[in-house]
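Heads up, the thing below is written out as structure tokens.
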Amino acid sequence: MNPQAKLIFIISLMLGTTIMISSHHWVMAWAGLEINTLAILPLISKSHHPRAIEAATKYFLTQSAASALLLFSSMTNAWHTGQWDITQMTHPMSSLILTAAIAMKLGLVPFHFWYPEVLQGSPLTTGLLLSTIMKLPPITLLFMTSPSLNPTLLTTMAILSAALGGWMGLNQTQIRKILAFSSISHLGWMAIILVYNPKLTLLNFYLYTLMTAAVFLTLNSMKVLKLTTLMTAWTKAPSLNAMLLLTLLSLAGLPPLTGFLPKWLIIQELTKQDMAPAATIISLLSLLSLFFYLRLAYCTTITLPPHTTNHMKQWHINKPTNMLIAILMTMSITLLPMAPMILTII
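For the sequence shown, my numbering gives the first residue as 1133, with consecutive numbering after it.
Here's what the structure looks like:
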């Protein structure tokens, strides 16, 4: 892709996200989301592979439908209340349509079908953008409208997302699809706490972004897309692979690592809100996704390929690890002791 064109698309992505986050009027928010969608489409389809074109088409259709629903819900609300302010979403029907629209934008169950397919058809760097930056505007909208959303609907969608995200990721061999289902189950954790403590949703999103960015950038530097290539990639950069193991376990939410912090706080908050059954169910469902994270971690470092393998041994890379990957990985593993400081900030 032409570097100037790529620069324009990246700037448009930043602009769309900034417009969306800083807007108070529904039409401005909608415009920001549209700029975002149009800017990411060329980045998805830049390889000109049929699967990439298919992914771009699916992404365009789902995001267009979600934007239309969002505009419809805000117009319905304005019709009934005379308010175009995002925080004044008071009409119950409008807030239901809005929840459906944002769930479609994010890939929450039952609107999740497009997400693994789109991520599978995109390059790893675009996949990183789709999993992190592209989720920020819809989550901001949820944060701003959280007081008027339906808690029962969100809790149901959250538990279904955690269940399906874990269950459908179990038999995948493509790493991008595994990360897509991991994203769906993480969104479940964000949605369940949204009405009760929206700041915890944002904290969960920030830490998820941190860990996912570390995983995507590492896989991109090792040029790994399938579990079979991951098994033989340990000879390329052994120390990076060992750190990837810890980052994947952090993404799974195991205790000494950063990923445990949001889950711990969310379970604590749900218990305070007399929602112990929901907390128990979502905690048990996270064991499903733990299984495929452990499978990834096992393929990363613990498996030594047999001598009869069809894969050639990869040459050891002597070039130093990217500084950004090193920083993101360190933060993905070691932020748990800083929990008291993070809690004072939020």
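We treat Cβ as the ideally placed atom computed from N, Cα and C, and that holds for glycine.
Minimum C-alpha distance to residue i - residue among the options
i, options, result
"Met1354", "Leu1201, Pro1242 and Leu1256", "Leu1256"
"Ile1477", "Leu1332, Gly1164 and Trp1366", "Leu1332"
"Met1146", "Ala1210, Pro1269, Leu1381 and Asn1303", "Pro1269"
"Ser1199", "Gly1391, Leu1251, Ile1229 and Leu1381", "Ile1229"
"Ala1369", "Met1470, Asn1352 and Lys1358", "Asn1352"
"Ala1294", "Ile1459, Ser1415, Arg1427 and Lys1267", "Ser1415"
"Gln1220", "Pro1279, Ala1137, Ile1140 and Ile1234", "Pro1279"
"Leu1393", "Leu1475, Leu1302 and Ser1155", "Leu1475"
"Leu1460", "Ala1471, Thr1379, Gly1164 and Leu1420", "Thr1379"
"Phe1423", "Phe1192, Thr1462 and Trp1299", "Trp1299"
"Lys1358", "Leu1165, Ile1310 and Val1250", "Ile1310"
"Leu1426", "Leu1386, Ser1464 and Ala1411", "Leu1386"
"Val1241", "Glu1186, Ala1312, Gln1136 and Ala1345", "Ala1312"
"Ala1163", "Gln1405, Met1343 and Thr1149", "Thr1149"
Identity of the residues DSSP links to residue i by a beta bridge
i, result
"Gln1306", "Lys1358"
"Asp1217", "His1157"
Neighbourhood of residue i by C-beta distance below 6 Å, restricted to the same chain and skipping five residues each side
i, result
"Glu1244", "Contrary to the premise, residue 1244 reads as His rather than Glu in this sequence. Around His1244: Ile1316."
"Trp1246", "Lys1190 and Thr1194"
"Thr1169", "Gln1195"
Close Cβ partners of residue i (< 7 Å) along its chain, the five nearest in sequence each way excluded
i, result
"Thr1440", "Because Thr1440 sits at a pLDDT of 49, beneath the cut-off of 50, its placement in the model cannot be relied upon, and the point is left open."
"Leu1362", "Ile1307, Val1356, Cys1431 and Thr1432"
"Pro1078", "Outside the shown range of the chain (1133 to 1478) lies residue 1078, about which nothing can therefore be said."
"Leu1237", "In the sequence as displayed, the identity of residue 1237 is Lys instead of Leu. Contacts found: Gln1195, Ala1198 and Pro1270."
Residue range of the unbroken alpha helix (DSSP H) whose run includes residue i
i, result
"Asn1373", "Pro1370 to Ala1384"
"Met1300", "Pro1283 to Met1300"
"Lys1237", "Pro1224 to Leu1238"
"Tyr1247", "Trp1246 to Gly1253"
"Phe1275", "Leu1268 to Thr1277"
"Leu1261", "Leu1256 to Ser1263"
Local conformation of residue i per DSSP, three classes
i, result
"Met1461", "helix"
"Ile1413", "helix"
"Tyr1328", "coil"
"Pro1242", "coil"
"Pro1469", "helix"
"Ile1474", "helix"
"Met1130", "The chain is shown only over 1133 to 1478; residue 1130 falls outside these bounds and no answer can be derived."
"Lys1395", "helix"
"Thr1453", "coil"
"Met1207", "helix"
"Leu1419", "helix"
"Thr1350", "helix"
CB contact below 7 Å: residue i versus chain C
i, result
"Asn1329", "The structure shown has no chain C; it contains just one protein chain."
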